[in-house]
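What follows is a single structure, written as structure tokens, with notes after it.
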Amino acid sequence: MGLIDKREGVLVAISGGADSVAMLHMLSTHGYYCVAAHCNFHLRGSESDSDEAFVRHFCEELGVPLHVIQFDTKRYAKEKKLSIEMAARELRYSWFEKLLDQLSLPVVAVAHHSDDSVETFMLNLVRGTGIRGLGGIKSRQGRIVRPLLPFSRQDIELYCRAHKLKYCTDSTNASDAYVRNKIRHNIIPVFKSINPSFLHAMNNNMSHLSQIYNIFTAQVEAFRKKAVVEIDDQTLISMQELEKLPEPEPYIFELLSPLGFSSDSIHKVSRAILTKHWGRLWFSSNYRAVVDRYNLIVQPRLEEQGTEVFDIEVGQEEIFTPIHLKLRYRDVGADYAISRDPMVAHFNAEKLEFPLTVRHWRQGDTFRPLGMKGFKKLSDFFVDNKWSRVDKESVWVLISGGEIAWIIGHRIDDRFKMTDKAKQAIEIKYTITKSTQDEQ
């Protein structure tokens, strides 16, 4: 068993079922130093406690040290908004990691076998995981090893009979309430009736698909180095490089699916890129993808822009929330000069009404751009200047008397500009701090 070094030992996950019983027996009787770990998830009432008692007795007979933990799995699943299966998985693997560190053991052995691998293939096929999920279960993933993968469920049951090993039977395995059980009981038997060597054929198929995926992964990594840039918490995927690909969707899938984007969303993102529908937006649970003119932009989901407003009182010289603005009150003389820096706005003090207000722009907002006589919707102003959705979402406006006086950092309203008759100016400087950059 090349996955495990006899000199270093192994943590063995044991549920009490035939698979884990056979694995622990096989490893311990072949000279491997084993420490067993059993999780009582308290999902089957007295049956769960009975399994724990069996495991304790079995480990005593083998002379294998045992660690047991109790979980309130249903409560954890409710708190984390997870399925029972996912909750149990998170709980056990988190505990295994802690035990490995505590006991200074390199790996934990879990009892997945070749039938499990085929069932996982079927599950991933239904879920739409792409080619990544069609290579079957890996014999090693990080600190998890699976020494029984070469063996079938039938092989394991034969081993137990040959060595007169007792084991527990999980009553839920007979229920079709779980998707895996539906596949095990209803789908795989049909394939076996067509091809008695179905499991062997599937394991060969999964091996080939895994090799193909490794080749494709290398291509994706080469594309990532050339076309993907990380800036703060944003990922920018070059639209120019995507358009060079003969089939961009598989690459987009590999980049977005680990972030929780569904197959359907990724397909729609790909279509939007091909048809040049800029500004379209898709969400996963924690991220969003924006199809911009120059990049596919991926970033953490932003909370909906609130209606909160921030006031600047008369005489106030500086604010730090929600953005950093410095105000300077100046008398206007012959030598007064107006800066060309878009981050500095010069206003006729007589035109501004305090308190001033800072807020995010809203749909329907209008202003009179400097140098123009007519009003313009901010949304049209953004389109004219080819601003992306991300650019627009970071925009703040300065309000005076209910009117927009400044698209902060971009353009002031003509009604508030300095004139030859102005006697006093208010200069407002916008400074982009680190926190502001993080927000944007």
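According to my numbering, the sequence shown is numbered sequentially starting from 792. Backbone N, C-alpha and C fix where the C-beta goes; we use that ideal spot for every residue, glycine too.
Following the continuous alpha helix (DSSP H) through residue i, name the residue where it begins and the one where it ends.
{"i": "Asp906", "result": "Ser905 to Arg918"}
{"i": "Val812", "result": "Ala809 to Thr820"}
{"i": "Leu1046", "result": "Pro1039 to Leu1047"}
{"i": "Val803", "result": "Unbroken run through Val803 is the beta strand (DSSP E), Val801 to Ala804; no alpha helix (DSSP H)."}
{"i": "Lys973", "result": "Val970 to Lys973"}
{"i": "Ile795", "result": "Segment: none, Ile795 is in no alpha helix (DSSP H) and carries neither H nor E."}
{"i": "Val753", "result": "Within the shown structure, residues of the chain are numbered from 792 to 1231, placing residue 753 beyond reach of any answer."}
Residue i bridges to which residues according to DSSP?
{"i": "Leu857", "result": "Ala827"}
{"i": "Leu1118", "result": "Ile1219"}
{"i": "Glu1109", "result": "Lys1117"}
{"i": "Lys1168", "result": "Thr1157"}
{"i": "Ile1198", "result": "Val1188 and Arg1202"}
{"i": "Leu1147", "result": "Ile1103"}
{"i": "Gln932", "result": "Ile935"}
{"i": "Ala1080", "result": "Trp1073 and Val1089"}
For residue i, is the classification buried or exposed, using 16 other Cβ atoms within 10 angstroms of its Cβ as the cut-off for buried?
{"i": "Glu1095", "result": "Confidence at Glu1095 is low in this model, with a pLDDT of 48, below 50, so the placement of that residue is unreliable and no value is reported for it."}
{"i": "Phe1052", "result": "buried"}
{"i": "Gly793", "result": "exposed"}
{"i": "Gln1228", "result": "For Gln1228, the pLDDT reaches just 41, beneath the cut-off of 50, and the residue's location in the model is therefore unreliable, although a value from the coordinates is still provided. So Gln1228 counts as exposed."}
{"i": "Val917", "result": "exposed"}
{"i": "Ser908", "result": "buried"}
{"i": "Ser806", "result": "buried"}
{"i": "Ile985", "result": "exposed"}
{"i": "Ser966", "result": "exposed"}
{"i": "Asp1083", "result": "buried"}
{"i": "Val899", "result": "buried"}
{"i": "Arg1092", "result": "exposed"}
{"i": "Gly1097", "result": "Bear in mind that a pLDDT of 49 at Gly1097, under 50, signals an unreliable position, so the number given afterwards is only what the model happens to contain. Classification for Gly1097: exposed."}
{"i": "Tyr950", "result": "buried"}
Below 8 Å between beta carbons: does that hold for residue i and residue j?
{"i": "Arg1121", "j": "Ala1216", "result": "yes"}
{"i": "Glu1034", "j": "Lys1017", "result": "no"}
{"i": "Asn977", "j": "Leu1027", "result": "no"}
{"i": "Ala868", "j": "Ile875", "result": "yes"}
{"i": "Ile947", "j": "Ala813", "result": "yes"}
{"i": "Leu1237", "j": "Glu1104", "result": "Examination of residue 1237 is not possible in this model, given that the chain is present from 792 through 1231 alone."}
{"i": "Ser962", "j": "Glu843", "result": "no"}
{"i": "His858", "j": "Leu890", "result": "yes"}
{"i": "Trp1187", "j": "Ile1199", "result": "yes"}
{"i": "Thr911", "j": "Ile935", "result": "no"}
{"i": "Leu1072", "j": "Arg1180", "result": "yes"}
{"i": "Val1060", "j": "Tyr1078", "result": "no"}
{"i": "Val970", "j": "Leu914", "result": "yes"}
{"i": "Tyr1042", "j": "Val1020", "result": "no"}
{"i": "Lys871", "j": "Ala878", "result": "yes"}
{"i": "Ser930", "j": "Leu990", "result": "no"}
{"i": "Glu1099", "j": "Ala1213", "result": "no"}
Going by DSSP, what residue range makes up the beta strand (DSSP E) through residue i?
{"i": "Thr1066", "result": "First-last for Thr1066: undefined, no H or E at that position."}
{"i": "Leu891", "result": "Counting along the chain, Leu891 falls outside any beta strand (DSSP E), though it belongs to the alpha helix (DSSP H) covering Ile875 to Leu894."}
{"i": "Asp1102", "result": "Phe1101 to Ile1103"}
{"i": "Leu942", "result": "What sits at residue 942 in the sequence shown is Phe, not Leu. First-last for Phe942: undefined, no H or E at that position."}
{"i": "Ser1076", "result": "Segment: none, Ser1076 is in no beta strand (DSSP E) and carries neither H nor E."}
{"i": "Gln1090", "result": "Asn1086 to Pro1091"}
{"i": "Ile1022", "result": "Val1019 to Ile1022"}
{"i": "Gln1154", "result": "Counting along the chain, Gln1154 falls outside any beta strand (DSSP E), and DSSP gives it neither H nor E."}
{"i": "Phe1138", "result": "Val1135 to Asn1139"}
{"i": "Val898", "result": "Unbroken run through Val898: none, as it is neither H nor E."}
{"i": "Thr864", "result": "Taken as a continuous stretch (DSSP letters only), Thr864 belongs to no beta strand (DSSP E), being part of the alpha helix (DSSP H) at Thr864 to Lys871."}
{"i": "Ile1028", "result": "Gln1025 to Ser1029"}
Taking C-alpha atoms, which residue in the options lies nearest to residue i?
{"i": "Val1081", "options": "Tyr1042, Pro1133, Arg1119 and Gln1025", "result": "Gln1025"}
{"i": "Gly822", "options": "Asp840, Glu843, Ile795 and Arg847", "result": "Ile795"}
{"i": "Ser811", "options": "Tyr958, Phe832, Asp907 and Thr864", "result": "Tyr958"}
{"i": "Phe832", "options": "Leu818, Phe862, Glu870 and Ala809", "result": "Phe862"}
{"i": "His773", "options": "Leu896, Arg923 and Leu857", "result": "This structure gives no information on residue 773, because the portion of the chain shown stretches from 792 to 1231."}
{"i": "Arg937", "options": "Val803, Leu890, Val1186 and Tyr1127", "result": "Val803"}
{"i": "Lys1067", "options": "Leu1036, Leu818, Ile979 and Met1030", "result": "Met1030"}
{"i": "Asn1139", "options": "Ser1191, Gln1154, Glu1184 and Ser1179", "result": "Ser1191"}
{"i": "Asp1055", "options": "Thr920, Arg1159 and Leu939", "result": "Thr920"}
{"i": "Asp1156", "options": "His816, Leu1189, Gly1070 and Asp1132", "result": "Leu1189"}
{"i": "Tyr1004", "options": "Gly926, Trp1073 and Phe982", "result": "Gly926"}
{"i": "His829", "options": "Arg835, His816 and Arg847", "result": "Arg847"}
{"i": "Ser1076", "options": "Ile1088, Pro1049, Val1060 and Trp1069", "result": "Pro1049"}
{"i": "Leu939", "options": "Pro1133, Leu956 and Leu818", "result": "Leu818"}
{"i": "Ala1136", "options": "Met1209, Ala1013, Phe942 and Asn995", "result": "Met1209"}
{"i": "Pro941", "options": "Asp906, Gly933, Leu949 and Val1019", "result": "Asp906"}
{"i": "Leu1143", "options": "Glu1045, Leu894 and Ile1219", "result": "Ile1219"}
{"i": "Leu834", "options": "Val855, Phe845 and Arg866", "result": "Arg866"}
{"i": "Leu815", "options": "Glu852, Phe1044 and Asp840", "result": "Glu852"}
{"i": "Thr820", "options": "Glu1099, Lys1167 and Gly854", "result": "Gly854"}
{"i": "His1151", "options": "Arg883, Gly1165, Leu894 and Thr1112", "result": "Thr1112"}
{"i": "Phe887", "options": "Gly933, Arg1159 and His904", "result": "Gly933"}
{"i": "Thr1222", "options": "Asp1211, His1201, Phe1207 and Leu894", "result": "His1201"}
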